[in-house]
């Protein structure tokens, strides 16, 4: 079970920890590497692993962020998204409930799965909160977080002079 960096989008938008010369960035990467190698020796059950950390792709484009999360077995009504102070929060709950009715069988044990997770993503620019869109189809949640007009104006090309 690979652990993800504790600081999403490090190096974007002036967040600390992004540069190679930054000792805290180096320490964070070494800690991530250590935990990744340690957790490979302790395999978690596939279902619990999937519930605790859904597979997520985050891409930054000129328009903003595009996020895609694989949420197999989760229904749309059990997904919650919110954007507060530049932090996008994804919450979901998985319930596998089945009612057994068979008069010929007397169950001694009936197991069901249930779990929840939460992921937070720091948006590395000022988002246009009114234009954030999300869609859910075939177990895949797609989220588009566009840049605000103010954030687009802040981008400035800098000329590099030769020596």
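Numbering (this note's numbering), first residue to last: 11 to 173. Where is the CB? At the ideal position from N, CA and C, for every residue including glycine.
Item                                                                                                                        : Value
DSSP-derived helix/strand/coil call for residue 88                                                                          : helix
Residue 77 versus residue 150 - alpha carbon distance                                                                       : 10 Å
Residue 33 burial status per 10 Å Cβ neighbour count (16 or more: buried)                                                   : exposed
Whether residue 91 touches residue 100 by CB criterion (8 Å)                                                                : yes
Status (buried if at least 16 other CB within 10 Å, exposed otherwise) for residue 74                                       : buried
Proximal residues to residue 105 (C-beta, below 6 Å), its chain only, five neighbours per side dropped                      : 124
Within-8 Å CB hit, residue 129 to chain D                                                                                   : Within the model displayed, chain D is absent; a lone protein chain is all it includes.
Best match in 159, 160 and 142 for proximity to residue 152 [C-alpha to C-alpha]                                            : 142
Beta-carbon gap between residue 97 and residue 130 smaller than 8 Å                                                         : yes
Residues of its chain near residue 84, where Cβ-Cβ distance is below 6 Å and the 5 sequence neighbours each way are ignored : 102 and 104
Euclidean distance between Cα positions of residue 64 and residue 161                                                       : 29 Å
Buried versus exposed call for residue 173 [16 or more other C-beta atoms within 10 Å across all chains shown]              : exposed
Where residue 35 sits in the DSSP three-state scheme                                                                        : helix
Every unbroken beta strand (DSSP E) within the region 92-138, with a cutoff of 3 residues, ordered by chain                 : 97-106 and 123-132
Outcome for residue 82 when other beta-carbon atoms lying within 10 angstroms are tallied against a minimum of 16           : exposed
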